[in-house]
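Participant: To convert, note that position 220 of the sequence shown is 219 in numbering that gives the first Met the number 0; the numbers rise steadily by one, no gaps.
Quick reminder that beta carbons are idealized off the backbone N, C-alpha and C, glycines included.
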Amino acid sequence: MPHKPVRQLVAALLLMTTVSVSAGEVSLGVAANFTDTTRELIQAFEASTGHTASASFGSTGKLYAQIRNGAPYHVFMAADVQRPERIEQEGVGVPGTRFTYAQGKLVLWSPEPETFDSPQDYLADGDFQRLAIANPKTAPYGLAAQQVLQALELWQPLQPRLVRGDSIAQAFQFVATGNAKAGFVALSQVRAWPEQEGRAWQVPQRLYQPIEQQAILLRQGEDNAAARAWLGFLQTETARDIIRRFGYDIPD
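(1) Give the straight-line distance between the Cα atoms of valine 20 and isoleucine 210, rounded to the nearest whole angstrom.
(2) Could you tell me whether the stretch 145-161 touches the stretch 203-217, where touching means 3 or more Cβ pairs closer than 8 Å?
(3) According to DSSP, is tyrosine 140 part of a helix, a strand, or is it coil?
(4) Give the straight-line distance between the Cα atoms of glycine 182 and tyrosine 140, rounded to the nearest whole angstrom.
(5) With threonine 51 as the anchor, note down where its beta strand (DSSP E) starts and where it stops.
(6) For serine 109, write down the residues that DSSP places opposite it in a beta bridge.
(7) Considering only C-alpha positions, which residue in the set Pro156, Ser187, Arg227, Leu130 is nearest to glycine 164?
(8) Taking three-plus beta-carbon pairs below 8 Å as touching, is the stretch 119-136 in contact with the stretch 211-225?
(9) Hey, would you say histidine 257 sits closer than 7 Å to alanine 228, going by beta carbons?
(10) According to DSSP, is leucine 130 part of a helix, a strand, or is it coil?
(11) Would you mind sorting proline 118 into buried or exposed? The rule is 16 or more other CB atoms within 10 Å of its CB.
(12) If glutamate 87 and isoleucine 215 are in contact, beta carbons under 8 Å, what's the gap, nearest whole angstrom?
(13) Look up glutamate 221 in the DSSP assignment and say whether it is helix, strand or coil.
(14) Take the Cβ of serine 53 as the centre, count every other Cβ of all protein chains shown within 10 Å, and call the residue buried at 16 or more, exposed below.
(15) Bridge partners of valine 29, per DSSP?
(16) Quick check on glutamine 119: does DSSP put it in helix, strand or coil?
(17) So, with DSSP's three-state summary, where would you put aspartate 251?
(18) First and last residue of the alpha helix (DSSP H) that includes glutamate 84?
(19) So what does DSSP say about alanine 238, is it helix, strand or coil?
(20) Taking all protein chains shown into account, do 16 or more other C-beta atoms lie within 10 angstroms of the C-beta of threonine 176, making it buried, or fewer, making it exposed?
(21) For the stretch 55-71 against the stretch 94-104, are there 3 or more C-beta pairs whose distance is under 8 Å?
(22) So, valine 25 versus tryptophan 108, is the Cβ gap smaller than 7 Å?
(23) Do the CB positions of alanine 77 and alanine 30 come within less than 7 Å of each other?
(24) Work out the CA separation of glutamine 155 and threonine 237 for me, nearest whole Å.
(25) May I ask you to report which of helix, strand or coil DSSP gives arginine 67?
(26) Under three-state DSSP, which class holds leucine 233?
(27) What do you reckon, are the CB atoms on glutamine 213 and proline 83 nearer than 7 Å?
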């Protein structure tokens, strides 16, 4: 990754190239865990650049498939590294535009404060009917949940009780609506939860591979000034402060 002064200069130049042209619109395909964060980022982006942005949210795997099938996104914001890499290798993404915009954190969460005191004992005892996770095949946060349960030697024992959401957003909804007693979700979702209650265990990083989230400019957005402005904006301190507030880390 570039040093901080270089990154800030690149971001400033990308923004400066757009202020003298007519306002444009960028279409974003964004990993579901980043929904609330993106909505706040869009407000700040539109206020600072005059451009507009729209976003579609889903699992990283499904967004990747949509992009491969011609979905009209200008920027892909994934929850992993592998799929943006593939997009670049397959010629669908613009070389040299891929970068890490956030590193996610996994939590075991229930909206009921009394659900568990010792999260590992709670999982091992299995005193619940359903435990929600995102689909590990399409959602990086689901894969992280699988890695945690495997590390705790609970992946196979808990199979009958796992309910899989198509995305981390659906997994969160399973828990929020009571269809699952608890679930593995993104810390950012818990931060955005309006009730501001419940019980959350931030899973130790040693139990799962880092959730490094990368963005890339797509060929359809190569000549789109608003798309390039968005990528520049993500690397500004304004954007990075918003991202951190939702519980993400950002590599230097």
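Facilitator: On the basis of the data shown:
(1) The sequence position of residue 20 within the sequence shown is 21, counting from 1. The sequence position of residue 210 within the sequence shown is 211, counting from 1. Summary for valine 20: the model assigns pLDDT 45, below 50, so the residue's position carries little reliability, and this model does not support an answer.
(2) The answer is yes - the stretch 203-217 touches the stretch 145-161, with three or more Cβ pairs under 8 Å.
(3) In the sequence shown, counting from the first residue as 1, residue 140 sits at position 141. Three-state result, tyrosine 140: helix.
(4) Mapped onto the sequence shown, residue 182 falls at position 183. Mapped onto the sequence shown, residue 140 falls at position 141. One C-alpha to the other measures close to 11 Å.
(5) Counting from 1 along the sequence shown, the entry for residue 51 is found at position 52. From DSSP, the beta strand (DSSP E) with threonine 51 extends over 51-57.
(6) Position 110 of the sequence shown, counted from the start, is the residue given in the question as residue 109. Serine 109 pairs with Arg198.
(7) Translated into the one-based positions of the sequence shown, residue 164 becomes position 165. Out of Pro156, Ser187, Arg227, Leu130, Leu130 has the C-alpha closest to the C-alpha of glycine 164.
(8) no
(9) Past the boundaries of the shown model lies residue 257; the chain is included only from 0 to 251, so the question cannot be answered.
(10) Counting from 1 along the sequence shown, the entry for residue 130 is found at position 131. Looking at leucine 130 - three-state DSSP - the assignment turns out to be strand.
(11) Working through the sequence shown from its first residue, we reach residue 118 at position 119. The residue in question, proline 118, is buried, as its Cβ has 16 or more Cβ neighbours within 10 Å.
(12) Taking the sequence shown and counting its residues from 1, one reaches residue 87 at position 88. Taking the sequence shown and counting its residues from 1, one reaches residue 215 at position 216. Contact flag correct, Cβ pair sits at about 6 Å.
(13) Numbered from its first residue, the sequence shown carries residue 221 at position 222. Note: glutamate 221 maps to coil in three-state DSSP.
(14) Within the sequence shown, the letter at position 54 stands for residue 53. With fewer than 16 other CB atoms across the displayed protein chains lying within 10 angstroms of its CB, serine 53 is exposed.
(15) Taking the first residue of the sequence shown as position 1, residue 29 is located at position 30. For valine 29, which the question treats as bridged, DSSP gives the partners Phe56, Met76.
(16) Against the sequence shown, residue 119 aligns to sequence position 120. Three-state DSSP puts glutamine 119 in a helix.
(17) The sequence position of residue 251 within the sequence shown is 252, counting from 1. Aspartate 251: coil per DSSP, three-state reduction.
(18) By one-based count along the sequence shown, residue 84 stands at place 85. Per DSSP, glutamate 84 belongs to the alpha helix (DSSP H) from 81-88.
(19) Within the sequence shown, the letter at position 239 stands for residue 238. In the structure shown, the three-state DSSP call for alanine 238 is helix.
(20) On the sequence shown, position 177 is the one that residue 176 refers to. Exposed.
(21) no
(22) Against the sequence shown, residue 25 aligns to sequence position 26. Against the sequence shown, residue 108 aligns to sequence position 109. Cβ atoms of valine 25 and tryptophan 108: not closer than 7 Å.
(23) Stepping through the sequence shown from its first residue, residue 77 is reached at position 78. Stepping through the sequence shown from its first residue, residue 30 is reached at position 31. Annotated as proximal: alanine 77 and alanine 30, with beta-carbon spacing under 7 Å.
(24) Along the sequence shown, one-based indexing puts residue 237 at 238. Along the sequence shown, one-based indexing puts residue 155 at 156. Rounded to whole angstroms, threonine 237 to glutamine 155 spans 44 Å at the Cα level.
(25) As a working note, residue 67 is residue 68 in the sequence shown. Taken through DSSP and simplified to helix, strand or coil, arginine 67 comes out as helix.
(26) As a working note, residue 233 is residue 234 in the sequence shown. Here leucine 233 sits in helix by DSSP.
(27) Position 214 of the sequence shown, counted from the start, is the residue given in the question as residue 213. Position 84 of the sequence shown, counted from the start, is the residue given in the question as residue 83. Cβ distance < 7 Å, so glutamine 213 and proline 83 count as in contact.
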